[in-house]
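Residue numbers for the sequence shown follow numbering that gives the first Met the number 0, so the first one is 0 and each next one is one higher. All C-beta atoms in this analysis are idealised placements derived from N, C-alpha and C, irrespective of residue type, glycine included. Below is one structure, written out as structure tokens, with a few remarks after it.
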Amino acid sequence: MVKFQLNDEEREELTAFLQDLVRIPSPPTQEGPLAERIVTEMERLGLRDVRVDRIGNVIGWVGADAGPVLMLNGHMDTVGVSNAEAWTHDPFGAQIEQDRLYGLGACDMKGGLAAMVYGARLLRRAGLPAGGRVVVACVVQEEPCEGLASRVLIEEEGVRPDGVLIAEPSDLQVARGQRGRIELQVTTYGRSAHASQPELGENAIYTAARLVFGLELLADQLAKDPFLGQGTLAVTDIQSEAGSRNAVPYRCDLIIDRRLTLGETEATALAEIQRTIAREGVHADVQVTEYTAASYTGYPCRAREFYPPWVIEEDHPLVAALVRATRAQLGRRPQVGYWNFSTEGAYTAGVAGIPTVGFGPGDPRQAHTVDESVSLKDVCSAAEVYARLAVELLTPDV
Ligand SMILES: [Zn+2]
0 MVKFQLNDEE REELTAFLQD LVRIPSPPTQ EGPLAERIVT EMERLGLRDV RVDRIGNVIG
60 WVGADAGPVL MLNGHMDTVG VSNAEAWTHD PFGAQIEQDR LYGLGACDMK GGLAAMVYGA
120 RLLRRAGLPA GGRVVVACVV QEEPCEGLAS RVLIEEEGVR PDGVLIAEPS DLQVARGQRG
180 RIELQVTTYG RSAHASQPEL GENAIYTAAR LVFGLELLAD QLAKDPFLGQ GTLAVTDIQS
240 EAGSRNAVPY RCDLIIDRRL TLGETEATAL AEIQRTIARE GVHADVQVTE YTAASYTGYP
300 CRAREFYPPW VIEEDHPLVA ALVRATRAQL GRRPQVGYWN FSTEGAYTAG VAGIPTVGFG
360 PGDPRQAHTV DESVSLKDVC SAAEVYARLA VELLTPDV
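Right, dumping it as structure tokens:
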């Protein structure tokens, strides 16, 4: 079996490419300039059928003309710069110190994007895989609505992968699942009155407060899974409505961030909240929130904010191939665990049922932090493991 290794020139090119990616801001719905840069690089490196799809994802192909498809999947968008004064590096400077490249999205997940593109580069140079195809998919709007862009790619653009590798940061370990997520809005209703005579009204904030206590108690009793652990519940926002500040509020909205463990569904999560409402005997309702936006290409995005959990068996051929590829390239057996955060896998595995596994450069604890950084050596290693994974799966006799 071939061992993949980026040569010195390719390592330099990869570094320059990653610096460009970090220097081009790409908040959700504004990924256009970054997409353009990726298209240029894919074409320069000889990927096939490079194009931008209707929602703004960039895809490019390598390998045979037909046969099974492995998708390398990563998102182009980043969160915003938080706590800008605390950064000691320019978030868009892509400064390099020894082996580390600093900047917004260096870890989550422009390092992964660069690794995917250069993994395809290695395959192209070797004329592999011969028994199937690899599609590199750089998707939009993962941060606000994970899975939306992959759904468009698979359901509307007709890209049909047989297996998916998510290149989110995993510190070069294997992730074979993640907890899911649902965002809920609970609304309490009251009756307005002049605040000088509150007894004539019914205060929607007081009703909401009773529910918040009920929800705090519920949070301790959520389902547990032996692998993914317990679900969680956090009230993350509260807003009331009243005619003025001297009126009793007639409405109060709570937002709940609910992380779902295996076995929990939209229906079970809603039913728990409805039971809490019934127990408190208050006038309130609960619904799943909706994400709406226009992508940078003008595609109208609309999705309920429900992202199911998923787990793939440890002995699944995709996981086994990734473990073999890591051992062969890096000389060590990777740990096999799960991600605490949500990814495009919520759609590919959780909705579409496509075998999915995770592996990427960068420490997940670096994501969304001040002075985010990634090891350049690890980005190169990830590229080499991706190439090897494709061969393990699609041309195992090489
Ligand atoms: Zn991410």
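Just to confirm my understanding: we take residue i, look at its own chain, exclude 5 residues before and 5 after, and list those with CB closer than 7 Å. What are they?
i    : result
L321 : V173, V356, F358, L388
D370 : W86, T87, H88, Y101
W269 : Position check: residue 269 holds Leu in this sequence, whereas Trp was assumed. Answer for L269: V285, listed in chain order.
T14  : L375
G213 : T275, R278, E279
E30  : G55, M75, D76, V139, Y295
P400 : As displayed, the chain neither begins before 0 nor continues past 397, which places residue 400 out of reach and without an answer.
What is the residue span of the alpha helix (DSSP H) that residue i lies within?
i    : result
A293 : Where A293 is concerned, there is no enclosing alpha helix (DSSP H), although the beta strand (DSSP E) it sits in stretches over 289-293.
Q18  : 7-22
G126 : From DSSP, G126 is part of no alpha helix (DSSP H); its letter is neither H nor E.
T231 : Counting along the chain, T231 falls outside any alpha helix (DSSP H), though it belongs to the beta strand (DSSP E) covering 231-240.
A148 : 147-150
Sorry if obvious, but does the Cβ on residue i come closer than 7 Å to a heavy atom of ligand 1?
i    : result
H74  : yes
D107 : yes
A85  : no
A366 : yes
E141 : yes
E371 : no
E167 : yes
Excluding the 5 residues preceding and the 5 following residue i in the sequence, name in chain order all residues of the same chain whose CB lies nearer than 8 Å to its CB.
i    : result
S191 : G200, A241, G242, A246, V247, P248, Y249
F226 : G176, L261, V310, Y337
Residue i lies in the beta strand (DSSP E); which residues open and close that run?
i    : result
P299 : 299-303
I165 : 162-165
G336 : 335-338
Y205 : Here Y205 belongs to no beta strand (DSSP E); instead the alpha helix (DSSP H) covers 203-218.
S380 : Segment 375-393 is the alpha helix (DSSP H) holding S380; no beta strand (DSSP E) there.
R53  : Note, R53: premise wrong, no beta strand (DSSP E); not H, not E.
Y101 : 99-101
L259 : 250-259
G332 : At residue 332 the sequence reads Arg, which differs from the Gly that was named. Neither: R332 is in no beta strand (DSSP E) and is coded neither H nor E.
M41  : Note, M41: premise wrong, no beta strand (DSSP E); alpha helix (DSSP H) at 31-43.
R190 : No beta strand (DSSP E) contains R190, which DSSP labels as neither H nor E.
L69  : 68-74
R175 : 173-177
T355 : 355-357
List the whole-angstrom C-beta distance separating residue i from residue j, where the pair is believed to meet the contact cut-off of C-beta under 8 Å.
i    : j    : result
D236 : T260 : Their Cβ separation, rounded to whole angstroms, is 23 Å, which puts D236 and T260 out of contact at 8 Å.
C379 : L5   : 5 Å
G126 : P67  : Wrong, their Cβ atoms sit about 17 Å apart, outside the cutoff.
I255 : V185 : 6 Å
L121 : A382 : 6 Å
R53  : E156 : 7 Å
Y306 : A345 : 4 Å
D314 : D170 : That pair is no contact at about 23 Å.
V80  : C137 : With a Cβ gap of about 21 Å, V80 and C137 do not count as contacting.
P183 : T288 : According to the sequence as given, residue 183 is Leu; it is not Pro. Their Cβ separation, rounded to whole angstroms, is 7 Å, which keeps L183 and T288 in contact under 8 Å.
Taking the alpha-carbon of residue i as reference, which of the options has the nearest alpha-carbon?
i    : options                : result
W60  : M115, D89, I54, A15    : M115
P395 : L217, G104, L317       : L317
P26  : V281, I37, H74         : H74
G176 : A381, E312, L13        : E312
R332 : N339, T342, A319       : A319
E84  : A382, E383, T368       : T368
I181 : V234, F212, E155, E198 : V234
R10  : V78, A65, G110, R47    : G110
D76  : P128, I23, A93         : I23
P168 : F226, A266, Y337, V134 : Y337
V397 : A129, R209, N202       : A129
V158 : S149, I165, G228       : S149
Does chain B have any CB closer than 8 Å to the CB of residue i?
i    : result
T260 : Of the protein chains in this structure there is only one, and it is not chain B.
Take residue i and list the residues in its own chain whose beta-carbon comes closer than 6 Å to its own, dropping the five residues that flank it on each side.
i    : result
V163 : M70, N72, T347, I353, T355
G230 : L221, A222, R258, L259, T260, E263
H193 : none
Q238 : D252
D161 : P67, V68
A292 : T28, C300
H282 : Y188
Q18  : A93
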